[in-house]
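Here the structure comes first, spelled out in structure tokens, and everything after it is commentary.
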Amino acid sequence: MTCAEFLEVAEAFAISALDPEEQRAAEAHLAAASHQDCPQALARAGRGWEALARSLPPIRPSAQVWAVIESRIGSPRAAARRRSSWPLGLAAAAGLLVAALFYTRATQERGRAAALSAQLEDLRAQVSGQRQALALLQSPTSIAVPLAPQSGAAERASAILDLDHHAALVMASALRLQAGRDYELWVIRGGAKLPAGLLRASADGFAMVHIDEQLLRGGAPDALAVTLEPNGGSPQPTGAILLLGKVPKA
Amino acid sequence: MAYDGPVLEILFGALTSPDDDAELVRRVANGEAAALRTLYERLSPQILAVTLRVLRDQREAEEAVQDAFVEAWKRAGDFDRSRGSVVGWLVSIARSRAIDRLRSRSAVERLAVRAAAEPGETFAPPIELAERREERTRIQAALSQLTPAQREAIELAYFEGLTQREIALRAGEPLGTIKSRVRTALQKLLSLLGEGGAP
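Taken in order, these protein sequences are the chains called A and B.
Numbering-wise, the first sequence is residues 3 to 252 according to the working numbering.
Numbering-wise, the second sequence is residues 29 to 227 according to the working numbering.
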């Protein structure tokens, strides 16, 4: 790349908006020893993009954002807060006493906190799943496909597909946790059975999986199916079909 | 400049100069966490505004801000003042982290986020000093003088992380047209802001 060519792409290069090959060529050019005006052009472009950032009203982050940064960088201030400022001997004695008195309580509290934290994450995942399902349902081009239980299977599932946006998710319930086995979703198209993800159930038997958009780019699948497979899933189904839903053709 | 705690920085930090910011980055490179805190108090609201505009999700946007400041802590020694301002450097790191997150979203997640945060929604109460508000008004006035197509092209590139080729595909226009549009738009914006470049 020449300086003249770099000057043509400096604006896009500054925010990595070039194709990867062109981006690499521009990077290599910038590393050269002499230039017409390339570093200056890049700095000027940077100021232009920065203006776009400055056009937005600033928003104060919530209080815990800095606390997380501080803990991630291992700040001495964070460490100091964890340390006692008492004289060493007194601090050690007090620490031992506190430890002796409250060891059991602290262990219980930690366990409770961990359980609550896991529950919170579970709830967040469920809320996020419901939000995503709602968004899909609201899309005017989405369709719902129930997956019918086969041979008396107890499991239940439904899919929501928006083929125009290559978006789809499957929600399942009444799944049973089984050691060494996983529920696996299949996209069936033209006789091919394509693995589309594992349905890993929460404690209450609920699971949700997104279908990769690449699997939807070939048009509407013929059907979706769920089987029970060895832990981690299989490249091709080995178990009987538990749930099956035919996707209506547009 | 001595570190006097976050409250003073909140009150006065935004009025300090780019020279102070660069000095703070030098101190961050020397391992001074207090200097990073000062930079955070001063610049994080502007950085969160960008990550939120990219991700449209408060929690993820704040995580991208965290990633950016942790990265700044590790890479402060790489900051080159001749290549731009500290705020530009930090915004650039944060925007990259936000776009990484945006690209890792599934199609369903993208739809859900779009549905949850329609344009115009207020995410959180904005805070701003009068001086910054004036600057923002001036930039918005300059942006309003771009054509809608020019503005859309630079916003897709900057806030959605699309390459020029992806913008061309989305708009159904030749790549050359988009390249020229992005370049002209940015130069016009700079010119309107008195920074030189083609009008």
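Where is the CB? At the ideal position from N, CA and C, for every residue including glycine.
Next on the checklist: Any beta carbon from chain A within less than 8 Å of B:Gly222's own beta carbon?
Outcome noted: Stepping through the second sequence from its first residue, residue 222 of chain B is reached at position 194. Cβ-Cβ to chain A under 8 Å: no for B:Gly222.
Checklist entry - Who are the Cβ neighbours of B:Ile121 in its own chain at under 7 Å, not counting the five residues just before and after it? => result Stepping through the second sequence from its first residue, residue 121 of chain B is reached at position 93. Excluding residues within five positions, the ones whose Cβ falls inside 7 Å are Ala96, Glu99, Ala100.
Next on the checklist: Classify A:Pro148: buried if its beta carbon has 16 or more other beta carbons within 10 angstroms, exposed otherwise.
Outcome noted: Taking the first residue of the first sequence as position 1, residue 148 of chain A is located at position 146. An exposed status is given to A:Pro148, since fewer than 16 other beta-carbon atoms sit within 10 Å of its beta-carbon.
Item to check | 7 Å Cβ shell around B:Ile195 - same chain, five flanking residues per side excluded | outcome: Locating residue 195 of chain B in the second sequence gives position 167, where the first residue counts as 1. Excluding sequence neighbours, B:Ile195 sits near Ala181, Leu184, Ala185, Ile206.
Item to check | Beta-carbon proximity list for B:Phe151, same chain, < 7 Å, skipping 5 on both sides | outcome: Start at 1 with the first residue of the second sequence, and residue 151 of chain B comes out as number 123. Here B:Phe151 scores only 46 on pLDDT, less than 50, and its place in the model should not be relied on; the value that follows carries that caveat. Contacts found: Leu80, Gln86.
Item to check | Chain-order list of residues whose beta-carbon lies under 7 Å from that of A:Ala14 (same chain, five-residue window excluded) | outcome: In the first sequence, the residue the question calls residue 14 of chain A occupies position 12. Taken in chain order, the residues that qualify are Leu20.
Next on the checklist: Along the stretch 69–80 of chain B, where does the CB come closer than 7 Å to a CB of chain A? Name the residues.
Outcome noted: Flagged, chain order: Ser72, Pro73, Gln74, Leu76, Ala77, Val78, Leu80.
Checklist entry - Identify the residues that DSSP records as bridge partners of B:Val210: which are they? => result As a position in the second sequence, residue 210 of chain B is number 182, starting the count at 1. Partner(s): none; B:Val210 has no beta bridge.
Item to check | Cα-Cα separation, B:Leu190 to A:Ser153 | outcome: Here the question's residue 190 of chain B lines up with position 162 in the second sequence. Here the question's residue 153 of chain A lines up with position 151 in the first sequence. Annotation: B:Leu190 to A:Ser153 spans about 48 Å, alpha carbon to alpha carbon.
Checklist entry - DSSP on A:Pro148, reduced to helix/strand/coil? => result To locate residue 148 of chain A, count along the first sequence from 1; it is residue 146. Look at A:Pro148 here: in three-state DSSP terms it is strand.
Checklist entry - For A:Thr143, is the classification buried or exposed, using 16 other Cβ atoms within 10 angstroms of its Cβ as the cut-off for buried? => result Translated into positions along the first sequence, residue 143 of chain A becomes position 141. Residue environment: A:Thr143 is assigned as exposed (fewer than 16 neighbouring CB atoms within 10 Å of its CB, all protein chains considered).
Next on the checklist: Just to confirm, is the Cβ distance from A:Pro59 to B:Ala77 under 8 Å?
Outcome noted: Position 57 of the first sequence, counted from the start, is the residue given in the question as residue 59 of chain A. Position 49 of the second sequence, counted from the start, is the residue given in the question as residue 77 of chain B. It is a contact, given that the beta carbons lie within the stated cut-off.
Checklist entry - According to DSSP, is A:Ala198 helix, strand or coil? => result Residue numbering aside, residue 198 of chain A sits at position 196 when the first sequence is read from its first letter. Of the three classes helix, strand and coil, the one that applies to A:Ala198 here is strand, per DSSP.
Checklist entry - Helix, strand or coil for A:Pro232 per DSSP? => result Within the first sequence, numbered from 1, the residue matching residue 232 of chain A stands at position 230. If DSSP states are grouped into helix, strand and coil, A:Pro232 belongs with the strands.
Item to check | Residues of the stretch 92–108 of chain B whose Cβ lies closer than 7 Å to any Cβ of chain A, in chain order | outcome: Residues passing the 7 Å Cβ filter: Val93, Gln94, Phe97, Val98, Trp101.
Item to check | Buried or exposed (CB count within 10 angstroms, at least 16 for buried), A:Glu29 | outcome: Position 27 of the first sequence holds residue 29 of chain A. Residue environment for A:Glu29: exposed (fewer than 16 other C-beta atoms within 10 angstroms of its C-beta).
Checklist entry - Does DSSP put A:Asp166 in a helix, a strand or coil? => result Your numbering for residue 166 of chain A matches position 164 in the first sequence. Helix, per DSSP.
Checklist entry - For the stretch 163–181 of chain A, which residues have a CB atom closer than 9 Å to at least one CB atom of chain B, in sequence order? => result Answer set for the stretch 163–181 of chain A: Asp164, His167, His168, Ala169, Ala170, Leu171.
Next on the checklist: Against chain A, with Cβ distances strictly below 8 Å, would B:Ile182 count as a contact?
Outcome noted: Here the question's residue 182 of chain B lines up with position 154 in the second sequence. Taking Cβ atoms only, chain A reaches closer than 8 Å to B:Ile182, which makes this a yes.
Checklist entry - How many Å lie between A:Ala161 and A:Ala146 at the Cα? => result As a working note, residue 161 of chain A is residue 159 in the first sequence. As a working note, residue 146 of chain A is residue 144 in the first sequence. Rounded to the nearest angstrom, the gap between the Cα atoms of A:Ala161 and A:Ala146 is 6 Å.
Checklist entry - Rounded to a whole number of angstroms, what is the C-alpha to C-alpha distance between A:Arg26 and A:Ser119? => result Sequence index remark: in the first sequence, residue 26 of chain A carries index 24 (1-based). Sequence index remark: in the first sequence, residue 119 of chain A carries index 117 (1-based). Looking at the two C-alpha atoms, the distance is approximately 44 Å.
Item to check | Any C-beta of chain B under 8 Å from that of A:Glu123 | outcome: Within the first sequence, the letter at position 121 stands for residue 123 of chain A. No, A:Glu123 does not count as interfacial toward chain B.
Item to check | Residues from the stretch 161–189 of chain B in contact with chain C, defined by Cβ distance under 7 Å | outcome: Chain labels in this structure do not include chain C; the protein chains are A and B.
Next on the checklist: I'd like the span of the alpha helix (DSSP H) that includes A:His31, first residue to last.
Outcome noted: The residue given as residue 31 of chain A occupies position 29 in the first sequence. That run of the alpha helix (DSSP H) goes 22–32.
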